[in-house]
Amino acid sequence: MSYQIAKTVANILSGIAILVVYLFYVSSSYQANLLSMNELKSWAQIMLIFIGLGIAMAIVVQIIFHILFSIGLAVKQSINNGNCSDQEIEKTIQMEMVEDEMGKLIELKSMRVSYIAAGIGFVTSLFYLVFDYPVVVTLNILFVSFFIGGILDSFTQLYYYTRGV
Amino acid sequence: MGKQFEITNNIRKLRFFADEMTQQQLAEKAEVSRQTIIAIEGGKYSPSLELAFRIAHAFGVHINEVFDYRVVENKK
Numbered sequence: 001m002s003y004q005i006a007k008t009v010a011n012i013l014s015g016i017a018i019l020v021v022y023l024f025y026v027s028s029s030y031q032a033n034l035l036s037m038n039e040l041k042s043w044a045q046i047m048l049i050f051i052g053l054g055i056a057m058a059i060v061v062q063i064i065f066h067i068l069f070s071i072g073l074a075v076k077q078s079i080n081n082g083n084c085s086d087q088e089i090e091k092t093i094q095m096e097m098v099e100d101e102m103g104k105l106i107e108l109k110s111m112r113v114s115y116i117a118a119g120i121g122f123v124t125s126l127f128y129l130v131f132d133y134p135v136v137v138t139l140n141i142l143f144v145s146f147f148i149g150g151i152l153d154s155f156t157q158l159y160y161y162t163r164g165v
Numbered sequence: 166m167g168k169q170f171e172i173t174n175n176i177r178k179l180r181f182f183a184d185e186m187t188q189q190q191l192a193e194k195a196e197v198s199r200q201t202i203i204a205i206e207g208g209k210y211s212p213s214l215e216l217a218f219r220i221a222h223a224f225g226v227h228i229n230e231v232f233d234y235r236v237v238e239n240k241k
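These protein sequences, in sequence, are chains A and B.
Taking the working numbering, the leading residue of the first sequence gets 1, the next gets one more, and so forth.
Taking the working numbering, the leading residue of the second sequence gets 166, the next gets one more, and so forth.
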């Protein structure tokens with residue numbers, strides 16, 4: 001598994017984890033009457049917290065991923081060559097991390113998919129407003145569609161890295 | 166009946182004749198990631214002209230010896 005594919009899988013897992021935790025937290029809080037449809041401020045606070053959590057988790061996952069990837073490389077090199085040096089591992093990781101033309105093309109294509117997902121979410125949320133649903137529903141659809149857009153972005157990257165551009 | 170175009174490459178063969186150069190070594194010489202070399206070698210990605218020249222330069226051969234452009238007749 002190459003660096004890009006492994007990194008994309010890590011992004012997908014962290015994105016799904018945050019989304020699942022958010023949905024679980026929100027549904028359990030709503031059922032326990034801790035949240036109501038009229039308290040927009042509380043919903044906004046929760047969403048801001050989860051955006052922060054998402055960013056923090058992405059950073060932590062990347063750090064853990066780098067550590068695991070380095071360990072994997074060290075094990076692989078020591079099996080192949082009998083020994084491994086820190087400089088070699090660092091050099092290999094730097095080479096794997098190179099952002100080249102294919103990476104940029106894949107990033108552009110996947111970003112288009114995430115924009116489409118977020119756009120569909122935005123239009124859907126407007127429809128809910130038109131049909132007199134509470135504003136909270138609109139907010140949640142927007143929030144979830146942005147997260148799903150991010151996850152789809154990673155899935156698209158995974159697709160292009162494995163199947164080709 | 167339409168025409169399709171196909172770009173094939175001899176990177177695997179050239180790597181073999183270049184003292185079994187690894188994909189990682191070729192990636193270093195062409196200044197791209199190993200993933201990109203894997204994709205090009207497997208015919209999953211057509212590189213830009215600049216990268217094609219860089220790969221040819223890494224092997225020290227003309228670009229024609231690395232990439233081949235063919236017109237394939239589509240019978241559909």
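C-beta atoms are modelled at their ideal positions from N, C-alpha and C, and glycine is treated no differently.
Since the model is a prediction, treat every value here as computed from it, not as a measurement.
message: I want to see whether chain B comes within less than 8 Å of arginine 163/A, judged by CB atoms only; does it?
response: yes
task: Could you tell me whether the Cβ of valine 98/A comes closer than 8 Å to any Cβ of chain B?
output: yes
Pick from Val20/A, Phe143/A, Glu101/A that is closest to alanine 204/B, judged by C-alpha positions: Glu101/A
message: Looking at the secondary structure, which residues open and close the beta strand (DSSP E) in which asparagine 174/B lies?
response: 167-174
query: Mind checking whether isoleucine 141/A and threonine 124/A have CB atoms under 8 Å apart?
result: yes
- request: Please check if any C-beta of chain A sits within less than 8 Å of the C-beta of glutamine 169/B.
  value: no
task: Give, in chain order, every residue of the segment 2-17 of chain A whose Cβ lies closer than 8 Å to some Cβ of chain B.
output: Ser2, Tyr3, Gln4, Ile5
DSSP-derived helix/strand/coil call for aspartate 233/B: strand
field: chain B contact residues for glycine 72/A, given Cβ-Cβ distances below 9 Å
entry: Correct list: empty, because the minimum Cβ distance to chain B is about 14 Å.
Collapsed DSSP secondary structure at glutamate 39/A in the structure displayed: coil
- prompt: Should alanine 204/B be flagged as near chain A, meaning a C-beta pair shorter than 8 Å?
  reply: yes
message: Would tyrosine 160/A and lysine 104/A be called neighbours here (beta carbons separated by less than 8 Å)?
response: no
query: Going by other Cβ atoms of all chains shown within 10 Å of its Cβ, with 16 needed for buried, is asparagine 174/B buried or exposed?
result: buried
- prompt: For isoleucine 106/A versus valine 165/A, is the C-beta distance shorter than 8 Å?
  reply: yes
task: Could you tell me how far apart the beta carbons of isoleucine 176/B and glutamate 206/B are, in whole angstroms, since I believe they sit closer than 8 Å?
output: 5 Å
message: Does glutamate 99/A come out as helix, strand or coil in the three-state DSSP assignment?
response: coil
message: Please tell me whether isoleucine 172/B and phenylalanine 232/B are closer than 8 Å, where the distance is taken between their beta carbons.
response: yes
- prompt: Going by beta carbon distance, what residues of the same chain come within less than 8 Å of alanine 17/A, once the five residues before and after it are set aside?
  reply: Met57
Separation of glycine 15/A from isoleucine 151/A, as counted between CA atoms: 6 Å
message: Assuming leucine 158/A and isoleucine 5/A are in contact, meaning their beta carbons sit under 8 Å apart, how far apart are those beta carbons, in whole angstroms?
response: 7 Å
message: Which of the three DSSP states is assigned to glutamate 215/B in this structure?
response: helix
- prompt: If you draw a straight line from the C-alpha of glutamine 169/B to the C-alpha of tyrosine 234/B, how long is it?
  reply: 11 Å
- request: Return helix, strand or coil for glutamate 193/B, following the three-state DSSP convention.
  value: helix
- prompt: Given that a residue counts as buried once 16 or more other Cβ atoms are within 10 Å of its Cβ, and exposed if not, what is threonine 187/B?
  reply: exposed
Residues that glutamate 238/B bridges to, as DSSP identifies them: Lys168/B
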